[in-house]
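Participant: Taking the numbering used here, the leading residue of the sequence shown gets 1116, the next gets one more, and so forth. Heads up, the beta-carbon is just placed ideally off N, CA and C, and yes, glycines get one too.
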Amino acid sequence: MDRETILEELKKILLPYTREKDKINSLTEDTKLLDDLPINSANIVDIIIDTETMYNIEIDMDSAAKISTVGSCMDIITEKQKVAK
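Here it is, written out as structure tokens:
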């Protein structure tokens, strides 16, 4: 799966959790989840669960701790998809 497709799918996952919904359309890999969107840190767990469900992957605690930007989330999805194959 290419990164552009992952980005579009992440927009759908993140939309319900951001207080500034207009920022979703301008997401880049450098967008910081907590600062730029902004997303409540308590919702990160929900985002991880939604991501695991959408991609049929498991995100362990070490990987979850690395999620800070849209790009880092995309990297983890890509990595976990390779492991799942």
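Under 7 Å Cβ to Cβ from Ile-1191, same chain only, skipping five residues before and after it: list those, please.
Facilitator: The residue you call residue 1191 lines up with position 76 of the sequence shown. Cβ within range, chain order: Ile-1174, Ser-1178, Lys-1181, Ile-1182.
Participant: On the three-state DSSP scale, how would you describe Thr-1166?
Facilitator: On the sequence shown, residue 1166 is found 51 positions in, with the first residue counted as 1. Note: Thr-1166 maps to helix in three-state DSSP.
Participant: Could you tell me how far apart the beta carbons of Ile-1154 and Tyr-1170 are, in whole angstroms, since I believe they sit closer than 8 Å?
Facilitator: Here residue 1154 refers to the residue found at position 39 of the sequence shown. Here residue 1170 refers to the residue found at position 55 of the sequence shown. Actually they are not in contact, since the Cβ atoms of Ile-1154 and Tyr-1170 sit about 19 Å apart, beyond 8 Å.
Participant: Suppose you measure from the CA of Ile-1162 to the CA of Glu-1124; what does that come to, to the nearest Å?
Facilitator: Residue mapping note: residue 1162 aligns to position 47 of the sequence shown, counting from 1. Residue mapping note: residue 1124 aligns to position 9 of the sequence shown, counting from 1. Rounded to whole angstroms, Ile-1162 to Glu-1124 spans 12 Å at the Cα level.
Participant: May I ask you to report which of helix, strand or coil DSSP gives Ile-1154?
Facilitator: Position 39 of the sequence shown, counted from the start, is the residue given in the question as residue 1154. Strand, per DSSP.
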